[in-house]
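In order, the protein sequence lines correspond to chains A and B.
The numbering of the first sequence is my numbering, which starts it at 499 and goes up by one.
The numbering of the second sequence is my numbering, which starts it at 28 and goes up by one.
Glycine is no exception: its CB is placed at the ideal position from the N, C-alpha and C atoms.
Nothing here was measured: the structure is a model prediction, and the numbers come from that model.
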Amino acid sequence: MTFPPSPPLPDPSHAHSLLRSMLLVRRFEEKCAELYTEQKIRGFLHLYIGEEAVATGSIAALERRDSVVATYREHGQALARGVPATTVMAEMFGKQEGCARGRGGSMHLFDAETRFYGGNAIVAGGLPLAVGLALAAHMQGEDRVTACYFGDGAMAEGEFHESMNLAALWNLPVLFCCENNLYAMGTALEVAQAETDLALRATSYGMPAWPVDGMDVLAVEHATRRAVQSVRAGGGPHFLEFRTYRFRPHSMFDPELYRSRDEVAEWKKRDPIVLLANRMREAGILDDAGMDALEAEVAEEVDNSVRFAEEGSWEPVEELTRFVHSDPEVAE
Amino acid sequence: MPVITYRDALNQALAEEMERDDSVFLMGEEVAEYDGAYKVSKGLLEQFGERRIVDSPISELGFAGLGVGAAMVGLRPVIEFMTFNFSILALDQVINAAAKMYYMTGGQIPVPIVFRGPTGAALQLSAQHSQACETWYVHSPGIKLVTPGTPADAKGLLKASIRDNDPVAFMEGELLYNLKGEVPDPDDGDFVIPLGVADVKREGSDVTIVTHGKMVNEALRAAATLEKDGIEAEIVDLRTLRPLDVEAILRSVHKTNRAVYLEEGWPYVGIGSQIVSIIQEEAFDYLDAPVVRVTQADVPMPYAKNLEKIAKPDAARVVEACNRVLYRN
Ligand SMILES: Cc1ncc(C[n+]2csc(CCOP(=O)(O)OP(=O)(O)O)c2C)c(N)n1
Ligand SMILES: [Mg+2]
Chain A
499 MTFPPSPPLP
509 DPSHAHSLLR
519 SMLLVRRFEE
529 KCAELYTEQK
539 IRGFLHLYIG
549 EEAVATGSIA
559 ALERRDSVVA
569 TYREHGQALA
579 RGVPATTVMA
589 EMFGKQEGCA
599 RGRGGSMHLF
609 DAETRFYGGN
619 AIVAGGLPLA
629 VGLALAAHMQ
639 GEDRVTACYF
649 GDGAMAEGEF
659 HESMNLAALW
669 NLPVLFCCEN
679 NLYAMGTALE
689 VAQAETDLAL
699 RATSYGMPAW
709 PVDGMDVLAV
719 EHATRRAVQS
729 VRAGGGPHFL
739 EFRTYRFRPH
749 SMFDPELYRS
759 RDEVAEWKKR
769 DPIVLLANRM
779 REAGILDDAG
789 MDALEAEVAE
799 EVDNSVRFAE
809 EGSWEPVEEL
819 TRFVHSDPEV
829 AE
Chain B
28 MPVITYRDAL
38 NQALAEEMER
48 DDSVFLMGEE
58 VAEYDGAYKV
68 SKGLLEQFGE
78 RRIVDSPISE
88 LGFAGLGVGA
98 AMVGLRPVIE
108 FMTFNFSILA
118 LDQVINAAAK
128 MYYMTGGQIP
138 VPIVFRGPTG
148 AALQLSAQHS
158 QACETWYVHS
168 PGIKLVTPGT
178 PADAKGLLKA
188 SIRDNDPVAF
198 MEGELLYNLK
208 GEVPDPDDGD
218 FVIPLGVADV
228 KREGSDVTIV
238 THGKMVNEAL
248 RAAATLEKDG
258 IEAEIVDLRT
268 LRPLDVEAIL
278 RSVHKTNRAV
288 YLEEGWPYVG
298 IGSQIVSIIQ
308 EEAFDYLDAP
318 VVRVTQADVP
328 MPYAKNLEKI
338 AKPDAARVVE
348 ACNRVLYRN
């Protein structure tokens, strides 16, 4: 696949913010992997490393009033959306200062404040919810867009098809963001999908859809801006197929026998962080000192999040049954 | 007797039944190339080929329904759910098609299918990945439900489930796959455990702990603690929740006059409700105390370690419950 030429570099401050955002996800998750081996973080941990350009570039194109629905591989979306690294880390520690009070863990990050609606451990489970969020915006006469993230594997689920049809049928303001990383766990795209041109499949529902170089954050942002503008203007659902790749195993338990080291190495040559950094260097807006400063800043943010999580507290066990039903204190 | 893991016991059962009957096939997510998410089907692709060990995309409703269809015309599908949490997506085909088909067709069309995979909580996987799914299935007439708690039961019961002519839900324990236990040598003949027969996992005269599946092991731990206190608990492992071995429950209650039900799932309309109802209807005069249930707390499973721990039933709570029905302290 050849993509259109990469868009021009944006102004230096925006380029820096994209780079910083991707770097934060990368370093944050490297730390998570470490903390997982120390058993500070438990349960399933799905890393986004390699795919940072997708969340970063696409969420940069959203407004504060827009909403985000993601999967269990959602640290990148949460951070890019502005959910504080501190509360994300605390959530993974299971501390009550976490963004879901430690109730959810890595797969269930939620933050109503930033309109980050999760965090869903059921493949394709987020799709109908996202279309519902879009339906609500439509009914309320608000021009919010809902960005819905899901993997290539989700496109085999009935929930995917029903959501696409409903969204298109009712012309709802949702942006479907497919993260095509070529594998669903150990299953390669071509053994799971009858039509592997995923954007083409989306067009069959009558919605605009196109593939995007998911390793190029500028291409991701550019495509998303275009799509969001059209969705917001009443153009109905759009579908973007971000072609990307996860550099790490599916989760922390995966011997990765289904793909070759060469393939992984080949994709790593297009590391989204390196790609952007190189562009910035070539344009003379980034040098070694600049990169070092950025790394230091990000390292501090990550360290700070770990400190925050370490210093956090456990929710008292007396609160176990709280929030099963709505809180009388909060309910009006 | 050879000592093997629960995982290998299941693997043997699958291999032996596939060897024995050409109409048996395994289908599910990651069952072939990946050897199964929990490696239960390890080596089967090599042995039986891709016609019979079938990797499916992530389409639970679809492949469960395809299995039902294939069973309607004579094949014997074993459908693996990566975990039973995901089978909730497939429940329409399980409940509306598989469970009702034989009855709806006036006995013309049997559905010999097995739905299998792990149920229940592992460690800190939080709400959507930690649920005991027994009740969803057992509620519906037409379906059988099997929940082995040991390697031997896993093997013998899976073989019986595959040979059964009805839809069988076969629920394993994610934390049991590495559990080791004695399983008869395949060379010593066909090892099949009939469905609907409970097993007394420990004899005792003071109190009966009725349980199933993974919780059998928790009950054994509780019994060991009670023993130090001079209390002999009898453990009745139901093994099959439908059909239910009512006689076995009553036999034990007649003997001990006290009973506790232990299950991993939620209390509300849980398996225990059914068991308690049967005991009070059939053995009321034998009871010296109300039957007590030990279950998961009535909440979605929280992620936080401290909350998860108190949400889950454990041996300590079983000991407490036994003491309660014994009116000890
Ligand atoms: C309904 C459902 N079925 C199966 C699973 C187990 N599972 C978790 S992630 C995954 C693969 C999903 O692949 P994809 O959608 O491509 O997303 P990726 O992990 O590649 O980001 C599977 C099968 C699940 N969580 N939910
Ligand atoms: Mg994928």
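Among the options, nearest to residue i - alpha-carbon criterion
i, options, result
"Ser68 of chain B", "B:Val346, B:Ile220, B:Leu37", "B:Leu37"
"Val718 of chain A", "A:Ala551, A:Tyr615, A:Ser515", "A:Ala551"
"Ile80 of chain B", "B:Ile298, B:Lys241, B:Ile106", "B:Ile106"
"Val138 of chain B", "B:Asn112, B:Asp272, B:Gly92", "B:Gly92"
"Glu561 of chain A", "A:Val762, A:Arg730, A:Asp509, A:Glu764", "A:Arg730"
"Thr585 of chain A", "A:Val804, A:Pro814, A:Val815", "A:Val804"
"Gly651 of chain A", "A:Gly684, A:Met637, A:His636", "A:Gly684"
"Ser661 of chain A", "A:Arg723, A:Trp708, A:Pro626", "A:Pro626"
"Tyr570 of chain A", "A:Glu793, A:Phe648, A:Gly600", "A:Phe648"
Ligand 1 heavy atom lying under 7 Å from the CB of residue i
i, result
"Gly133 of chain B", "no"
"Ala553 of chain A", "no"
"His489 of chain A", "With chain A covering 499 to 830 only, the question about residue 489 of chain A has no answer from this structure."
"Phe591 of chain A", "no"
"Thr569 of chain A", "yes"
"His659 of chain A", "no"
"Glu87 of chain B", "yes"
"Gly771 of chain A", "Looking at the sequence shown, residue 771 of chain A is not Gly but Ile. No, the beta carbon of Ile771 of chain A sits no closer than 7 Å to any heavy atom of ligand 1."
"Met637 of chain A", "no"
Closer than 7 Å: residue i CB and nearest ligand 2 heavy atom
i, result
"Ala40 of chain B", "no"
"Met82 of chain B", "Met is not the amino acid found at residue 82 of chain B; the sequence shown has Asp there. For ligand 2, not one heavy atom lies less than 7 Å from the Cβ of Asp82 of chain B."
"Asp650 of chain A", "yes"
"Tyr129 of chain B", "no"
"Tyr313 of chain B", "no"
"Tyr681 of chain A", "yes"
Under the three-state DSSP convention, the category residue i falls into
i, result
"Trp293 of chain B", "coil"
"Gly630 of chain A", "helix"
"Thr283 of chain B", "helix"
"Met683 of chain A", "coil"
"Gly63 of chain B", "coil"
"Val195 of chain B", "strand"
"Phe52 of chain B", "strand"
"Tyr288 of chain B", "strand"
"Val210 of chain B", "coil"
"Leu716 of chain A", "helix"
"Lys538 of chain A", "coil"
"Arg320 of chain B", "strand"
"Asn678 of chain A", "strand"
"Glu799 of chain A", "helix"
"Phe90 of chain B", "helix"
"Lys332 of chain B", "helix"
"Leu172 of chain B", "strand"
"Asp825 of chain A", "coil"
"Tyr743 of chain A", "coil"
"Leu755 of chain A", "coil"
"Val581 of chain A", "coil"
"Ser519 of chain A", "helix"
"Glu261 of chain B", "strand"
"Glu107 of chain B", "strand"
Check whether residue i and residue j have beta carbons under 8 Å apart
i, j, result
"Gly592 of chain A", "His606 of chain A", "no"
"Leu738 of chain A", "Cys675 of chain A", "yes"
"Val629 of chain A", "Ala665 of chain A", "yes"
"Pro270 of chain B", "Gly223 of chain B", "yes"
"Thr644 of chain A", "Val621 of chain A", "no"
"Gly555 of chain A", "Val726 of chain A", "no"
"Tyr164 of chain B", "Ala196 of chain B", "yes"
"Ile33 of chain B", "Ala246 of chain B", "Looking at the sequence shown, residue 33 of chain B is not Ile but Tyr. Against a cut-off of 8 Å, the Cβ pair of Ala246 of chain B and Tyr33 of chain B comes out as no contact."
"Ala700 of chain A", "Leu670 of chain A", "no"
"Phe111 of chain B", "Met45 of chain B", "no"
"Asp325 of chain B", "Tyr295 of chain B", "yes"
Exercise for the section: Please confirm if the segment 198 to 213 of chain B is in contact with the segment 328 to 345 of chain B, defined as three or more CB-CB distances below 8 Å between the two stretches. Expected result: no
Problem - Three or more C-beta pairs below 8 Å linking the segment 595 to 614 of chain A and the segment 575 to 585 of chain A - result: yes
Practice task
Please confirm if the segment 559 to 566 of chain A is in contact with the segment 766 to 775 of chain A, defined as three or more CB-CB distances below 8 Å between the two stretches.
Solution key: no
Exercise for the section: Report yes or no: do three or more beta-carbon pairs, one from the segment 272 to 288 of chain B and one from the segment 146 to 164 of chain B, lie closer than 8 Å? Expected result: no
Handout entry: Stretch-stretch touch, CB-based, cutoff 8 Å, three pairs: the segment 336 to 354 of chain B with the segment 297 to 309 of chain B
Key = no
Handout entry: At least three beta-carbon pairs within less than 8 Å, the segment 500 to 509 of chain A to the segment 777 to 793 of chain A
Key = yes
Handout entry: Meets three-Cβ-pair contact criterion under 8 Å: the segment 58 to 68 of chain B and the segment 596 to 603 of chain A
Key = no
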